[in-house]
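The block underneath contains the structure these notes are about, expressed in C-alpha cells.
Number of protein chains: 2
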Amino acid sequence: MLTTGKGSISLYMQIKELLVAKISKGEWSPGDIIPSEINLAQELGVSQGTVRKAITELVENNVLTRKQGRGTFVSTHDFNRALFHFFHITDDSGHKVLPDSQVLHCRKEQASPLEMSKLQLAAGIDIIRIDRVRSIAAKPTIIETITVAAEPFSNLVNGNNEDLPNMLYELYEKQFGVTIHSAEEQLRAIVASKQDASQLNLQPGTPLLEIRRVAMTLDKTPVELRISRCSTQNHYYQNTIF
Amino acid sequence: MLTTGKGSISLYMQIKELLVAKISKGEWSPGDIIPSEINLAQELGVSQGTVRKAITELVENNVLTRKQGRGTFVSTHDFNRALFHFFHITDDSGHKVLPDSQVLHCRKEQASPLEMSKLQLAAGIDIIRIDRVRSIAAKPTIIETITVAAEPFSNLVNGNNEDLPNMLYELYEKQFGVTIHSAEEQLRAIVASKQDASQLNLQPGTPLLEIRRVAMTLDKTPVELRISRCSTQNHYYQNTIF
DNA sequence: AAGTGGTCTAGACCACGTA
DNA sequence: ACGTGGTCTAGACCACTTG
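As they're listed, the protein sequences go chains A and B. Heads up: the first sequence begins at 47 in our numbering, then just goes up one per residue. Heads up: the second sequence begins at 47 in our numbering, then just goes up one per residue.
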C-alpha cells in the first residue's frame, strides 16, 4: 500500500494521491463525508499528524472542506465557489454579482476545430453548444458560447431551454457526476460583432473583453469550453495577484 | 509577548503577525536569513512545531522562502516572481516571455484624480509618471503608464531614461526599500488612441486590453498604479483558476 | 457524552548544504 | 561534522457539533 524508505516519496504525498484517486474514481462524491483523520490513520498505519498534513494540503487546494466538530467533506461546486473563484466580473464600484442567464440556443452540433482542440475531442465526436446572454442588474452584459462533449451531457438538449440553470457547474456535478475543479482563462480585446452588439445594446465595433475558459476536472480532463464576450462599459474583470 | 488561554488567538497566528511585523518594519529585509525554527522556538518559548506552522503559512503566502539545509529567508522580488506571479501576457502558443522596455518619458508631475484615488494620495502630493513601450520578440506589444508617489521615489527622474531597469519592482526593493507583495488588476477592453496605435503599429480604433494594476506592500499600502494597454493580436492575458 | 477537527508539545530520524 | 529544514510519531488538551 504505502511505501517507505529511501527514494520513495513522502507518506503524506502518497496519502494525498490516494485520497485524490478515491475522489477521481467516484468512490467519494462531492458533499460526502470522508473517514475521520484518526480512522484514516489507523487504516493506513500512520499517525494522525501525517494524515492531517495530507488533508491540509487538499483543503488548501479546494478539494476537501473541513468543518470543525463535524468532519471532512469532499468539496462541492456551490454558490460561493462559483462567485469567489470562478467569476471575475465586477461592476465599476468593485462589487461582484452573479448575473442572470437567458438561454438563446442549446443544440447538439458538430465540433469546430477550436472546440476539438480545446476539449481534446476525437474527430467525429458531437458537442452540445449553448448560447446565452447574461445580465447584471437587468442589463445585458455578457454573451456566452458554451461547449461540452455530447457524451455524457446529451441530456442538456432535452426539455425547455428555460430549465437550464444559471450555474452550470453545479448541474454538471449533480446531474452528470462531473466536478469542475480548475480552469484556464485566456483574455483578449475584440470587436463586437453585429449580433453581439445588438444583444448587448451596443454599437457594432465597440470593444469587448473576450474570455476563453477551459474548465477541467481534478485529473485535468478538459470538460467545458466557454467563450464569453463582456461589455466593459460599466464592468471590469478583477484579478488579485499574490 | 505571546498570550495564551481562552479568547486569545492561536500561538502560531501571533507568531505569524510577529514575523510579518519584523518584515514590515524593515527589521528583516528581502534576502535576509531569519533565525532557525529551533532558535525562534526557544526565544518565543514555544515548540518548533508551532513556529514551523507559522512559517509554513508565510511561505505559502510568498512572504518567506525556505531552503533546505540552509535556512529560511525573506522573499525577494526576483525574476521568477515577476514572471510567474506578476506577468500574465503570453504569446498565442501560451509561452510567457518577459518583454523588453523602452522608456518614453519619466517626469515629476501633478497627480490626476485617478492616481490620487488609487494611490491614496493627499491633495497636492506630486507623483512620478513613467511612460514606456514594452516589446515581445522585438514587436511593440504593450504601452504602460506607471505612477508612483514622488516620495520616496523622486530619484527615478534623475539620470538617463535608459538607466531605468526592465523590472521595476526589483528596483523599488533594492533602491527604495519598498517591497511589492500583492496587486489588484482590473481589465477592460478599450479602443487604441492615435498615439497608442502608432506606438504599437496598429490602426487607430483597434481594440486593446487595458490592465489597471495597483501594486501594494505586505501591509496593503498602495505603491504603484500601472495602466497597461496591450495588443492582443498575437498575445493574450492568461489566468488560472483553482 | 462522544466524536470531530484545531492547536500544541517533545522528540526522533532523514535529506540537504556548508564548512 | 554540524546545522538547517522536511517528515513522522505519540499523545495531550481545546473548541465545536451532534445525539
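By construction, the Cβ of each residue, glycine as well, lies at the ideal position given by its N, Cα and C atoms. The structure presented is a predicted model; accordingly, all values stated were derived computationally and were not measured.
Per-residue burial, residue i [other beta carbons within 10 Å of its own, 16 or more giving buried]
i                     : result
residue 199 (chain B) : buried
residue 259 (chain A) : buried
residue 221 (chain B) : exposed
residue 154 (chain A) : exposed
residue 116 (chain B) : exposed
residue 48 (chain B)  : exposed
residue 89 (chain A)  : exposed
residue 97 (chain B)  : buried
residue 245 (chain B) : buried
residue 286 (chain A) : exposed
residue 132 (chain A) : buried
residue 156 (chain A) : exposed
residue 67 (chain B)  : exposed
Residue i in three-state terms, based on DSSP
i                     : result
residue 99 (chain B)  : helix
residue 229 (chain B) : strand
residue 195 (chain B) : strand
residue 285 (chain B) : strand
residue 222 (chain B) : helix
residue 261 (chain B) : strand
residue 242 (chain B) : helix
residue 150 (chain B) : strand
residue 253 (chain B) : strand
residue 89 (chain A)  : helix
residue 289 (chain A) : Residue numbering for chain A in the displayed model covers 47 to 288; residue 289 (chain A) lies beyond these limits and cannot be assessed.
residue 202 (chain A) : helix
residue 67 (chain B)  : helix
residue 109 (chain B) : coil
Nearest candidate by alpha-carbon position, reference residue i, set the options
i                     : options                    : result
residue 174 (chain A) : A:182, A:203, A:159, A:184 : A:203
residue 122 (chain A) : A:268, A:213, A:240        : A:213
residue 281 (chain A) : A:224, A:146, A:136, A:206 : A:136
residue 231 (chain A) : A:283, A:257, A:221        : A:257
residue 210 (chain A) : A:147, A:141, A:110        : A:147
residue 273 (chain B) : B:217, B:247, B:242        : B:242
residue 253 (chain B) : B:262, B:240, B:265, B:264 : B:240
residue 149 (chain B) : B:262, B:169, B:207, B:132 : B:207
residue 298 (chain B) : B:77, B:190, B:229         : Chain B is shown only over 47 to 288; residue 298 (chain B) falls outside these bounds and no answer can be derived.
residue 225 (chain A) : A:128, A:55, A:99, A:145   : A:128
residue 185 (chain A) : A:278, A:205, A:234, A:160 : A:278
residue 125 (chain A) : A:215, A:160, A:57         : A:215
residue 192 (chain B) : B:160, B:168, B:177        : B:177
residue 218 (chain A) : A:205, A:201, A:145, A:234 : A:201
residue 158 (chain B) : B:56, B:167, B:152         : B:167
residue 138 (chain A) : B:233, B:60, B:276         : B:233
residue 205 (chain B) : B:160, B:152, B:190, B:179 : B:152
Close beta carbons around residue i, own chain, < 7 Å, minus the five adjacent residues each side
i                     : result
residue 103 (chain A) : 62
residue 58 (chain B)  : 96, 99, 100
residue 268 (chain A) : 164, 165, 166, 260, 262
Supposed contact pair residue j and residue i - C-beta distance, whole angstroms, cut 8 Å
i                     : j                     : result
residue 73 (chain B)  : residue 194 (chain B) : Not a contact, Cβ separation roughly 24 Å.
residue 83 (chain A)  : residue 69 (chain A)  : Going by Cβ atoms, the distance from residue 83 (chain A) to residue 69 (chain A) rounds to 17 Å, so no, they are not a contact pair.
residue 223 (chain A) : residue 238 (chain A) : Residue 223 (chain A) to residue 238 (chain A), Cβ: 37 Å. No contact.
residue 283 (chain A) : residue 255 (chain A) : 6 Å
residue 235 (chain B) : residue 235 (chain A) : 4 Å
Cβ neighbours of residue i in the same chain (closer than 8 Å, five flanking residues each side left out)
i                     : result
residue 110 (chain A) : 65, 80, 101, 104, 118, 119, 120, 121
residue 94 (chain A)  : 83, 84, 87
residue 227 (chain A) : 108, 109, 262, 263, 264
Neighbourhood of residue i by C-beta distance below 6 Å, restricted to the same chain and skipping five residues each side
i                     : result
residue 172 (chain A) : 154, 196
residue 164 (chain B) : 260, 271
residue 143 (chain B) : 182
residue 92 (chain A)  : 57
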